[in-house]
Amino acid sequence: MEIHVLLGFMLCSTHATSATTHSLKYFFTGVTAGTDFPEFTAVGLVDDEPLEYYDSNMKSVIPKTEWLEKSVDQQYWDERTQRARGVQPFYKAYIEKLMRRFNQTQGVHVFQRICGCEWDDETGITDGFNHYGYDGEDFLVFDMNKTRWISPSPQGVSTAHIWNNNPVHLEYSKSILTQECIESLKKYVSYGRSTLERTVAPEVSLLQKDPSSPVVCHVTGFFPRGVM
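Quick note on numbering: the sequence shown equals residues -19 to -1, 1 to 209 in mature numbering (1 follows the signal peptide of the UniProt record, and there is no 0).
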């Protein structure tokens, strides 16, 4: 039994990798009226940790991490709030438009956008992404390499066609990911580097029902999340 456990521990040995690739992600969600959820929410995350939050009920962007709150002034929050309020009507209007396209007259429907960027602070390599979804299915996806919108949904083809024939829109869609997003990500990393790049040793537990059964390794509590 002791040999089994020792072998299991050796196979289960882990070490946390250093955080060199950082990410900034935003999740925007519009929901039809009449539910218990806010009609619009916006959530920002750095390295998958909550950064800031907004919804149509509170009508203000609030910090979700202490290091950001300590690093910026009230003007930052005022500007972020105005920006969130500015995009909110788009989600309400687009849900109504998509309901017509999908021949829907009632029910709860969700329109979402996930966008953001990644930056490797060792190599300098960057990447970006921008996806729209409707009722849990991909609706529009921005192709960074081709600088074009792709629609996995037949109902999104007309929108992709309009956007792809607008050079200004295409250039803006790409620059916001390759420039503005990256600049913001670097700024946030500089604010919270000690927290974002902290390392926490994993806690390892081994489970084995009997000497003939396999040893199950359970690892928790590590940071960053990438473990080898």
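Note that beta-carbon positions come from the ideal geometry of N, C-alpha and C, so glycine has one too.
If you're wondering where the values come from, they're calculated on a predicted model, not measured in any experiment.
Closest in C-alpha terms to threonine 46, from the list Glu33, Glu161 and Gln55, comes Glu33. Secondary structure at glutamine 69: helix, using DSSP grouped into helix, strand and coil. The beta carbon of glycine 25 lies closer than 6 Å to those of Tyr7, Leu32 and Glu33 in the same chain, with the five residues before and after it left out.
The beta-bridge partner set that DSSP reports for glutamate 164 is empty. By the Cβ test, the stretch 45 to 65 is in contact with the stretch 160 to 177, since at least three Cβ pairs between them sit closer than 8 Å.
Counting the other Cβ atoms within 10 Å of the Cβ of isoleucine 163 gives 16 or more, which makes it buried. Pairwise C-beta distances place the stretch 88 to 102 out of contact with the stretch 129 to 148, as fewer than three of them are shorter than 8 Å. Separation of glycine 109 and cysteine 96 (C-alpha to C-alpha, rounded to the nearest whole angstrom) is 8 Å. Glycine 11 sits close to lysine 73, with the two beta carbons spaced by under 8 Å.
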